[in-house]
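For the sequence shown, the numbering used here assigns the number 19 to the initial residue and increments by one for each residue that follows. Read the structure below first, then the notes.
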Amino acid sequence: MKRGKKLLVLLLLLVLLLGAAYGAARLNSEEKMEEETVYTTVFTLDPDEVTQIGWDYSEALSFTKEEGGWVYDADSAFPLDEDYIDAMLETLKELRSTKTIEAVENWDQYTLEVPICEITVTAGDTTRTVKIGEETALGGQRYLSIGDGNAYLVDSSVIDPFSYGLYDVLKMESVPDMSSLLSMELVSGKESYEIQRLENSGLAYSDEYIWFMGEKPLDTELTEKLLRYLTTMTWQECVNYHAEDLSKYGLDTPAAVITVHYLETVQTASDETDAEGNTVYETQEERTYTLEIGAEGKDGYYVRIQDSRMIYLIPANVAETLLYTTYADLLPDEVLLMDWDNVKTMEITLDGETYTIERTLETVADDEGNETEEVVYRMDGEEVNAASIPEALDALVSTGYAAGLTPERGEEIRFVIKREHATFPEVEFVIYQYNSTSCLVTLNGEATVFVARADAVSLVEKVNALVLK
Numbered sequence: 019m020k021r022g023k024k025l026l027v028l029l030l031l032l033v034l035l036l037g038a039a040y041g042a043a044r045l046n047s048e049e050k051m052e053e054e055t056v057y058t059t060v061f062t063l064d065p066d067e068v069t070q071i072g073w074d075y076s077e078a079l080s081f082t083k084e085e086g087g088w089v090y091d092a093d094s095a096f097p098l099d100e101d102y103i104d105a106m107l108e109t110l111k112e113l114r115s116t117k118t119i120e121a122v123e124n125w126d127q128y129t130l131e132v133p134i135c136e137i138t139v140t141a142g143d144t145t146r147t148v149k150i151g152e153e154t155a156l157g158g159q160r161y162l163s164i165g166d167g168n169a170y171l172v173d174s175s176v177i178d179p180f181s182y183g184l185y186d187v188l189k190m191e192s193v194p195d196m197s198s199l200l201s202m203e204l205v206s207g208k209e210s211y212e213i214q215r216l217e218n219s220g221l222a223y224s225d226e227y228i229w230f231m232g233e234k235p236l237d238t239e240l241t242e243k244l245l246r247y248l249t250t251m252t253w254q255e256c257v258n259y260h261a262e263d264l265s266k267y268g269l270d271t272p273a274a275v276i277t278v279h280y281l282e283t284v285q286t287a288s289d290e291t292d293a294e295g296n297t298v299y300e301t302q303e304e305r306t307y308t309l310e311i312g313a314e315g316k317d318g319y320y321v322r323i324q325d326s327r328m329i330y331l332i333p334a335n336v337a338e339t340l341l342y343t344t345y346a347d348l349l350p351d352e353v354l355l356m357d358w359d360n361v362k363t364m365e366i367t368l369d370g371e372t373y374t375i376e377r378t379l380e381t382v383a384d385d386e387g388n389e390t391e392e393v394v395y396r397m398d399g400e401e402v403n404a405a406s407i408p409e410a411l412d413a414l415v416s417t418g419y420a421a422g423l424t425p426e427r428g429e430e431i432r433f434v435i436k437r438e439h440a441t442f443p444e445v446e447f448v449i450y451q452y453n454s455t456s457c458l459v460t461l462n463g464e465a466t467v468f469v470a471r472a473d474a475v476s477l478v479e480k481v482n483a484l485v486l487k
């Protein structure tokens, strides 16, 4: 190895050794500092003995412990979230200081003349006061007074459980778990409708439709997205915990009343017993939840749970989605939703001629004698390669809703699909000419959507290629 390379290696080793030494020295220094930090307990109390607590952070508040729990001194009707009081008392259980400034004369010097937060706590016949000031210049600690003439340095987080106003410690009503939703009714001046979950209802040609408005199927994804606005709703804030005048919020005559019927998981004994004589418990019961939407405020819409006096704000986009969604917004956008496993025949009418294609499941053996079941299509008794027709129908994409329209131009192609289905053994699917770019689709005689004319022409060409061979 050349001399220069040896020197370079030695220099790198020296750097690594110095780095390791520095890291060890720093670690030892930090451990020493931690060991040298001495904490002194300057304030203690037993939370179970406290009967009154008050604090003045953004506003002066006080609460008294009564037989039923903590009560707001200014209004016994206030719905307190007692977890906040518990956190405060846990903090006051023991206050530890890292430094004592004795016999303070100038309290303003430590921001304790007018503290950020002043706390009073009563246990038995004794009321004590704790004042919390600003953070120190180096941060991480705050000045604190307990009324003994001294100032103390304590952890800066001591103020966190007390940094609340009245509405911050309010316990808001909870929206129930409506994951097992049965129906939703909306009544307003602009739109009134009911959406129901009806599985295997027989109301639609496809059993994949589970949401209905009346007897009309709805798009599953769009409907469940709408319902999630209700079932996962969270309050933006509570603006009045005991409103007397509902007209201030537009809730004397709500813009909409939404009622949700859902199943709640419970354990209720029934009158039945099992084979061993044990009581059978019912695990779900139907419940009702009603939400009223009022006027639009500066930061959202006012709402309340029906019969409650607590008024909340919810985001404008949530309220407006619930208020202004209509049947037209929830229409299925699928062109054809077909379970081909149940299909027996397709009757295709094209240019005045009708062709019947049978679909069967047949056992086929390969050259080695292994048997498998395969879908086989036959026309006039001969096997045909018709798998591309269902694939082409499934691939059709809606370009817009056409509900309510009447076909006025010629028929491009017609399918009558016969299948094993209790209520819809036949599905008629027809594509009509509409304009130079679009075709109109009808299902069982009702217009549903538009499809691109190019896609319709492609479908016709596939059928022609099959039947004209």
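The C-beta atom is built at its ideal place from N, Cα and C for all residues, glycine as well.
message: Suppose the cutoff is 6 Å on Cβ atoms and the five residues either side in sequence are ignored; what does the same chain contact list for Val485 look like?
response: Tyr373
Span of the beta strand (DSSP E) around Val491: Absent from the structure is residue 491, since the part of the chain shown begins at 19 and ends at 487.
Unbroken alpha helix (DSSP H) run spanning Arg471, endpoints
Unbroken alpha helix (DSSP H) run through Arg471: Arg471 to Val485.
**Request:** Below 8 Å on the Cβ atoms is my guess for Ser206 versus Leu341; work out the distance and round it to an integer in Å.
**Result:** 7 Å
Is the region 409-428 touching the region 345-357, taking contact as three or more C-beta pairs under 8 Å? Flag = yes, the region 409-428 and the region 345-357 touch.
Task: Bridge partners - Trp88, DSSP secondary structure assignment - done: Lys83
Going along the chain, which unbroken runs of the beta strand (DSSP E) with 3 or more residues stay wholly within the region 214-272?
Runs of the beta strand (DSSP E) lying entirely within the region 214-272 and spanning at least 3 residues, in chain order: 229-231 and 255-258.
Are the region 110-120 and the region 167-185 in contact at 8 Å, needing three or more beta carbon pairs? yes
Using the DSSP secondary-structure output, state which residues sit across from Gly72 in a beta bridge.
-> Ser80 and Thr138
Going by beta-carbon coordinates alone, are Gly315 and Leu269 separated by less than 8 Å? For Gly315 and Leu269, no; Cβs fall outside 8 Å.
Review point. Mind checking whether Thr381 and Glu389 have CB atoms under 8 Å apart?
Key: yes
Which residues does DSSP pair with Ser163 in a beta bridge?
Within the DSSP secondary-structure output, Ser163 pairs in a beta bridge with Lys149.
Item to check | Short Cβ contact (8 Å threshold) for Phe81 with Ile71 | outcome: yes
*Strand pairing of Arg322, partner residues [DSSP]*: Glu310
**Message:** As an exercise, report each continuous beta strand (DSSP E) stretch of at least 3 residues that is fully enclosed by the region 410-466, in chain order.
**Reply:** Runs of the beta strand (DSSP E) spanning 3 or more residues and lying entirely within the region 410-466 occur at 416-419, 429-437, 444-451 and 456-461, in chain order.
Complete runs of the alpha helix (DSSP H) confined to the region 275-304 [at least 4 residues]: The region 275-304 contains no whole alpha helix (DSSP H) run of 4 or more residues.
Next item on the list: Report the three-state DSSP secondary structure of Thr372 (helix, strand or coil).
Entry: strand
Could you tell me the distance, in whole angstroms, from the CA atom of Met51 to the CA atom of Asp186? Any answer about Met51 is weak, because its pLDDT of 43 lies below 50 and its placement is not dependable; what the coordinates show is given next. Near 38 Å, if we compare the C-alpha coordinates of Asp186 and Met51.
Next on the checklist: Taking 6 Å as the limit between beta carbons, can you name the residues of its chain near Met190, skipping five residues before and five after?
Outcome noted: Trp253 and Cys256
key: Environment of Pro443 [buried if 16+ CB atoms lie within 10 Å]   = exposed
Separation of His279 from Leu216, as counted between CA atoms:
When rounded, the separation of the alpha-carbon atoms in Leu216 and His279 is 13 Å.
Does the distance from the CB of Arg427 to the CB of Tyr452 come in under 8 Å? yes
field: Cβ shell of Glu391 (< 8 Å), same chain only, five flanking positions each side left out
entry: Leu379, Glu380, Thr381 and Val382
Quick check on Leu340: does DSSP put it in helix, strand or coil? helix
Original post:
How big is the Cα-Cα spacing for Glu303 and Tyr319?
Top reply: 31 Å
Discussion item. Less than 8 Å between the beta carbons of Met196 and Ile213, yes or no?
Written reply: For the 8 Å CB-CB criterion, Met196 and Ile213 do not form a contact.
**Message:** Between the alpha carbons of Gly183 and Leu200, how many angstroms are there, rounded?
**Reply:** 40 Å
### Message
Please report the distance separating the alpha-carbon of Arg437 from that of Ile407.
### Response
16 Å
Got a sec? Which residues, its chain only, sit under 6 Å from Ala337 by beta carbon, not counting five neighbours each side? Excluding sequence neighbours, Ala337 sits near Ile311 and Tyr319.
| query | How should Ala405 be labelled, buried or exposed, when 16 other C-beta atoms within 10 angstroms of its C-beta is the threshold for buried? | reply | exposed
Review point. Helix or strand or just coil, what does DSSP make of Thr129?
Key: Thr129 falls in the coil class under three-state DSSP.
(Q) Judging by CA-CA distance, which residue of Ser163, Asp263 and Leu110 is the nearest neighbour of Glu152? (A) Cα-wise, what sits closest to Glu152 is Ser163.
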